[in-house]
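The block underneath contains the structure these notes are about, expressed in C-alpha cells.
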Amino acid sequence: MINSNEVMPLITFEGRVPSEWLDYNGHMNVAYYMHVFCDATDAFLEFFGVTEGYRQEKRYSTFVVENHVNYVKELHHGSNMRVETRLLGFDRKKMSYHHSLYSVDAGYLAATSEWISLHVDLEKRASCEMPDTLVCNLSDIYEAQKDMPLPVNIGRSIMSWDNKS
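Just so we're aligned, residue 40 is where the sequence shown starts under our numbering, counting upward by one.
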C-alpha cells in the first residue's frame, strides 16, 4: 500500500542543470529536458513497483507509446530542478501520467510532459495485463492525487498552420 503523503506531490526527479547540458542559445538543450523526463518516468515506475527486480523476475516492463513536451520557460546553467508527477489514469494494460518540471530557485514551471505507457510482456513483445499488486499501487496513487488540481498542458496537440497565406 502506498502512503498518500508520498504522492502529494510525487517528486520523481531533483537535480541541477550542468554546463554540458547547455546549447548554443545558452539554455538547457531540448534533449536534456527529455533526459530529465525519462529519469522522472523511471522513478515513477520504480515507485509503484516496476523495478529492475520486477523486470528480471517477471519479464514484464512498460513501453512508452506516446509523449508530448511543452517548453514553458528556459532553464539555465546551475538551475535547481524538480519534477512532480501526476497519474492521470490507468487500466490493467496502460497508464497516462504527466510530469511538471520546475525551476526550484526561481519558482516557475519550466516544462511539462504528458506520457502514455503500456505494460508489456518482454518475451512476447506485446501488451499484457499488470498484476494486481501494480494495479493496487496505481489505484492508491490515483486516489491520493485525484482531488489535486489538474496540471497544465494536458491533452495539448501541436499547432498546425494554414500555409495558403
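Cβ coordinates follow ideal geometry from the N, Cα and C atoms, glycine included.
Of all the options Val111, Pro48, Val122, which has the alpha carbon lying nearest to the alpha carbon of glycine 54? Val122
DSSP state of alanine 165 mapped onto helix, strand, coil: strand
So, do the segment 178-189 and the segment 139-155 have three or more beta carbon pairs nearer to each other than 8 Å? no
Answer with buried or exposed for valine 75, where buried requires no fewer than 16 other C-beta atoms within 10 angstroms of its C-beta. buried
Nearest-angstrom Cα separation, counted from glutamate 168 out to serine 58: 42 Å
Threshold first: 3 residues or longer. Then list the beta strand (DSSP E) segments lying entirely within the segment 40-102, N to C. 49-55
Within the chosen definition, does the segment 154-162 reach the segment 98-108 through at least 3 CB pairs nearer than 8 Å? yes
Assign alanine 183 to one of three DSSP states: helix, strand, or coil. helix
Coil, strand or helix - asparagine 192 by DSSP: coil
Is the distance from the Cβ of threonine 51 to the Cβ of threonine 151 below 8 Å? no
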